[in-house]
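Asks: One line per chain: the protein sequences are A and B, in this order.
The working numbering applies: residue 47 is where the first sequence begins, and numbers increase by one.
The working numbering applies: residue 158 is where the second sequence begins, and numbers increase by one.
Don't be surprised by glycine CBs; every beta carbon is placed ideally from N, CA and C.
Bear in mind the structure is a predicted one, so any value in this text is a computation, not a measurement.
This is the structure I want to talk about, given as structure tokens.
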Amino acid sequence: MNIALLLQMAAYEMADRAAIGPADAGLDFAAFGARAAAAAGWIARRDDAANVAYLGLNSPAFPIALFAAGMAGKPFVPLNYRLPDTELTRLVERAAPCILIADPEFLARVPALPGVTVLSRDAFLMLATTEAPLPEAAGDESDIALLLFTSGTTGEPKAAILRHSNLTAYVVQTVEFAGAGDDEALLVSVPPYHIAGVSAVLTSAYGGRRIVQLPAFSPEDWVSLAEREAVTHAMVVPTMLGRILDVLESRGERLPALRHLSYGGGRMPVSVIERALALLPHVDFVNAYGLTETSSTIAILGPDDHRLALSGSVAERRRLGSVGKPLPSVRIEIRGADGAVQPPGIAGDIFVRGEQVSGEYVGRKAIGEDGWLRTNDCGWLDEAGYLYIDGRLDDVIVRGGENISPGEVEDVLRAHPMVRDVAVFGLPSDEWGESVAAAVVPADTIDPQLLRDWVRQRLRSTKVPEHIQFRAALPYNETGKLLRRVLKAELSR
Amino acid sequence: MSATCNTEVAVVRPAKDAVLQCGGLPMIAIGAERPAGAVPAHGLDGGTLIGKRYADPDSGLEVLCTKPGAGSLAVDGRAMGLKEAKRLPSSD
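Written as structure tokens, this is what we have:
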């Protein structure tokens, strides 16, 4: 199944329903489908282009280009506009021969390159209304629909491959077709080059939910847009949520139309989600765990689990720190160092399997012959099947043979009233192999010994940070991932 | 696509040697010519619903209806059942 079929079905069934932009002045599904088909016609006629690269912020051009490229049978390659020009140019060269659709302000960032046909966003939107449409989707479901360059820390970024079959399996198995109410609107603030930005477009089209796009995230703009467009649904990464809550508190705004807020893309501090639950009691919260290589979500902690966590037993409260249960359409296993499947409560490598899992990069397959993908995350399942993520395998601190999860120590430190933000990581140690270090953003001056005592009272002594560094801020990437490696490199010097 | 009505489907889970029928006749490739005058046979005209999944447990074949029509889906003469999926909270 081609991803374009998801939109064609929506255009057939919900032609008059608002699809993109303001409810009264945006595109309905019929117009959305027609523009994608016309743009697909133009793309398909560019025989010399193998890929469709996209360099732009969130705007209607993004969903149209995503479906159009899919329909034309050419991989869509959204690029990270935050990269320096030289790196961006290298990625465009890797996508060539290609069409490059770029926002006007980004056109000058990439020089003229052989095999690259550059099109401004406005020119693209124009031809999406004038070109002869492609009548049927081209190619096969095993074709590549999406190439996402993953933010590598060393060397060239890897290009993760997602095929039409992976993406449509995810959508069809997790979303009810036309299941959204006609008043529903999703606020999209993750960028087009993030898997969550792509899956938001695919699942909203299939579900029949209008999308409202925020070109670039700021908490003030997010709250204003959510309020103005009566947004009912939204997805945020953890760093966004804390800042959004600050704005809601200072404005006294409670977003009465908002019903559903999902979060993912990194570890959510329990203190932040507890604050969100208290501030927005009318909202359903969903924690989603997924990877680029799995077409987005593979495990979900649902609204009922969140509510139970507020009022329930110790075990139920602890689940707020989990990412919930695997989707019915995927299987998750925890494996030990010897490859054996681990029983509940024992941590190990998280493996995942399912039709939405690609586990492929250009030039390399990361998935096993048996279809299982190693996520490179470390975690464990509880007796009831809830999944807990300890962190990236490379982030786990091995101190004197003991595995220490940075997240566990961070949660304890963050609960201290004088700690605004914190990151825990390992530093090389002659005595222990690695020792525990913490970078702390303090609310006010505090004696580091008090923080050590705080941790010692709540966790065992091996988990007490030997090094504590105070900083004004922690390094995050633009989608809210904490850059522990940056801190580690600084303090290892 | 159906030879007897407007139904179109996408195969979600393929099955070997299973002949997919709609309205009593084998389904044909999208874009192929429908036989003139063919309509769903009596008793095989319950219709299909867009966005619904239909499954045949015997062969394992599963399809998604991408365009609705008047015929009913079957595999080797066995009517395909509607597959009810558990509704999941939205996560994107």
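1) Identify the contact partners of residue 244(B) in chain A, using a Cβ-Cβ distance below 8 Å as the criterion.
2) Relative to the C-alpha of residue 501(A), which residue among 483(A), 536(A), 491(A) and 489(A) is closest?
3) Note down, one range per segment and in chain order, each beta strand (DSSP E) of at least 3 residues found wholly within the region 140–220 of chain A.
4) Going along the region 516–537 of chain A in order, which residues come within less than 9 Å of chain B, judged by CB to CB distance?
5) CB-CB under 8 Å to residue 418(A), same chain, minus the five flanking residues each way: which ones, in chain order?
6) Go to residue 351(A), then tell me how far its alpha helix (DSSP H) extends in each direction, as first and last residue.
7) For residue 178(A), go through chain B and note every residue whose CB falls closer than 9 Å to its CB, in chain order.
8) Just to confirm my understanding: we take residue 106(B), look at its own chain, exclude 5 residues before and 5 after, and list those with CB closer than 6 Å. What are they?
9) Three Cβ pairs or more, each shorter than 8 Å: is that satisfied between the region 302–318 of chain A and the region 271–288 of chain A?
10) Measure the Cβ-Cβ separation of residue 210(B) and residue 168(B) and say whether it is below 8 Å.
11) DSSP three-state label for residue 88(A), please.
12) Quick check: the Cα distance between residue 199(A) and residue 375(A), rounded to an integer number of angstroms?
13) As a quick exercise: from 440(A), 142(A) and 362(A), pick the residue whose alpha carbon is nearest that of residue 421(A).
14) Identify each residue in the region 305–320 of chain A for which the Cβ-Cβ distance to at least one residue of chain B is less than 8 Å, and report them in chain order.
15) Quick check on residue 182(B): does DSSP put it in helix, strand or coil?
16) Tell me where the beta strand (DSSP E) around residue 55(A) begins and ends.
17) Name the chain A residues whose beta carbon is nearer than 7 Å to that of residue 217(B)?
18) In whole angstroms, give me the CA-to-CA distance for residue 108(A) and residue 520(A).
19) Can you confirm whether residue 194(B), when its beta carbon is compared against all beta carbons of chain A, has any partner nearer than 8 Å?
20) Please go through the same chain and pick out, in chain order, the residues whose beta-carbon is closer than 6 Å to the beta-carbon of residue 164(B), but skip the five residues on each side of it.
21) Any beta carbon of chain A sitting closer than 8 Å to that of residue 159(B)?
22) Compare the Cα-Cα distances from residue 208(A) to each of 175(A), 299(A), 275(A) and 124(A) and report the closest residue.
23) Using a beta-carbon distance below 8 Å, is residue 332(A) in contact with chain B?
24) For residue 148(A) and residue 279(A), I'd like the C-alpha separation in whole angstroms.
25) Quick check: what's the CA-CA separation for residue 425(A) versus residue 392(A)?
26) From residue 191(B) to residue 183(A), what does the alpha carbon distance come to, in whole angstroms?
27) Please report whether the beta-carbon of residue 224(B) lies at a distance below 8 Å from any beta-carbon of chain A.
28) For the region 292–341 of chain A, which segments carrying the beta strand (DSSP E) assignment without a break, of at least 3 residues, lie completely within its bounds, in sequence order?
29) Please list, in chain order, the residues of the region 344–372 of chain A that have any C-beta partner in chain C closer than 7 Å.
30) Would you say residue 220(B) lies against chain A (beta-carbon separation less than 8 Å)?
31) Would you call the region 170–181 of chain A in contact with the region 85–96 of chain A, where contact means no fewer than 3 C-beta pairs closer than 8 Å?
32) Quick one: grab the DSSP three-state call for residue 534(A).
33) Please report the straight-line C-alpha distance between residue 443(A) and residue 475(A), rounded to a whole angstrom.
34) Whose CA, out of 187(A), 259(A), 50(A) and 139(A), lies closest to the CA of residue 106(A)?
35) CB residue 121(A) to CB residue 104(A), shorter than 8 Å?
Replies: Checking against the coordinates, here is how it stands:
1) As a working mapping, residue 244(B) is identified with position 87 in the second sequence. The contacting residues are 222 and 225.
2) Looking up residue 501(A) in the first sequence gives position 455. It is 483(A).
3) 144–148, 162–166, 190–196 and 204–209
4) none
5) The sequence position of residue 418(A) within the first sequence is 372, counting from 1. If we look at residue 418(A) and ignore the five residues flanking it on each side, its Cβ neighbours are 379, 397, 398 and 399.
6) Counted from its first residue, the first sequence places residue 351(A) at position 305. Per DSSP, residue 351(A) belongs to the alpha helix (DSSP H) from 349–357.
7) Position 132 of the first sequence, counted from the start, is the residue given in the question as residue 178(A). Those within 9 Å of residue 178(A) in chain B number zero; the least Cβ separation is about 17 Å.
8) Given that chain B is displayed from residue 158 to residue 249, the structure contains no residue 106(B) and the question cannot be resolved.
9) yes
10) Start at 1 with the first residue of the second sequence, and residue 210(B) comes out as number 53. Start at 1 with the first residue of the second sequence, and residue 168(B) comes out as number 11. Contact: no.
11) Taking the first sequence and counting its residues from 1, one reaches residue 88(A) at position 42. It is helical.
12) Taking the first sequence and counting its residues from 1, the one referred to as residue 199(A) is at position 153. Taking the first sequence and counting its residues from 1, the one referred to as residue 375(A) is at position 329. The predicted position of residue 199(A) is uncertain, since its pLDDT is 47 and thus under 50; a value taken from the coordinates is nonetheless stated next. The alpha-carbon atoms of residue 199(A) and residue 375(A) are separated by roughly 32 Å.
13) Position 375 of the first sequence, counted from the start, is the residue given in the question as residue 421(A). The shortest C-alpha separation from residue 421(A) is found at 440(A).
14) 306, 308 and 310
15) For the purposes of this step, residue 182(B) is taken as the residue at position 25 of the second sequence. Residue 182(B) falls in the strand class under three-state DSSP.
16) As a first step, residue 55(A) must be located in the first sequence, where it is residue number 9. Taken as a continuous stretch (DSSP letters only), residue 55(A) belongs to no beta strand (DSSP E), being part of the alpha helix (DSSP H) at 49–59.
17) Within the second sequence, the letter at position 60 stands for residue 217(B). Those do not exist, as residue 217(B) stays about 14 Å from chain A at its closest Cβ, beyond 7 Å.
18) Looking up residue 108(A) in the first sequence gives position 62. Looking up residue 520(A) in the first sequence gives position 474. Their Cα atoms are separated by approximately 31 Å.
19) Along the second sequence, one-based indexing puts residue 194(B) at 37. Chain A, which has no Cβ nearer than 8 Å to the Cβ of residue 194(B), makes this no.
20) The count along the second sequence starts at 1 and reaches residue 164(B) at position 7. For residue 164(B), where only same-chain residues beyond five positions count, the Cβ hits under 6 Å are 179, 205, 226 and 228.
21) Within the second sequence, numbered from 1, the residue matching residue 159(B) stands at position 2. For residue 159(B), the answer is no, since every Cβ of chain A falls outside 8 Å of its Cβ.
22) As a working note, residue 208(A) is residue 162 in the first sequence. Closest by alpha carbon: 124(A).
23) Locating residue 332(A) in the first sequence gives position 286, counting from the first residue. Judged by the 8 Å Cβ criterion, residue 332(A) is in contact with chain B.
24) Along the first sequence, read from residue 1 onward, the residue named residue 148(A) stands at position 102. Along the first sequence, read from residue 1 onward, the residue named residue 279(A) stands at position 233. Distance between the alpha carbons of residue 148(A) and residue 279(A) is about 28 Å.
25) As a first step, residue 425(A) must be located in the first sequence, where it is residue number 379. As a first step, residue 392(A) must be located in the first sequence, where it is residue number 346. Approximately 8 Å, taken between the alpha carbons.
26) Within the second sequence, the letter at position 34 stands for residue 191(B). Within the first sequence, the letter at position 137 stands for residue 183(A). Cα to Cα, the separation comes out at about 20 Å.
27) In the second sequence, the residue the question calls residue 224(B) occupies position 67. Cβ-Cβ to chain A under 8 Å: yes for residue 224(B).
28) 306–309 and 330–337
29) Of the protein chains in the structure, A and B, none is chain C.
30) Residue mapping note: residue 220(B) aligns to position 63 of the second sequence, counting from 1. Not closer than 8 Å to any Cβ of chain A, the Cβ of residue 220(B) fails to qualify, so no.
31) yes
32) Mapped onto the first sequence, residue 534(A) falls at position 488. Correct three-state label for residue 534(A): helix.
33) As a first step, residue 443(A) is located in the first sequence; it is residue number 397 there, counting from the start. As a first step, residue 475(A) is located in the first sequence; it is residue number 429 there, counting from the start. Their backbone Cα atoms lie some 11 Å apart in a straight line.
34) In the first sequence, counting from the first residue as 1, residue 106(A) sits at position 60. The option with the nearest alpha carbon to residue 106(A) is 259(A).
35) By 1-based counting over the first sequence, the position of residue 121(A) is 75. By 1-based counting over the first sequence, the position of residue 104(A) is 58. Contact: no.
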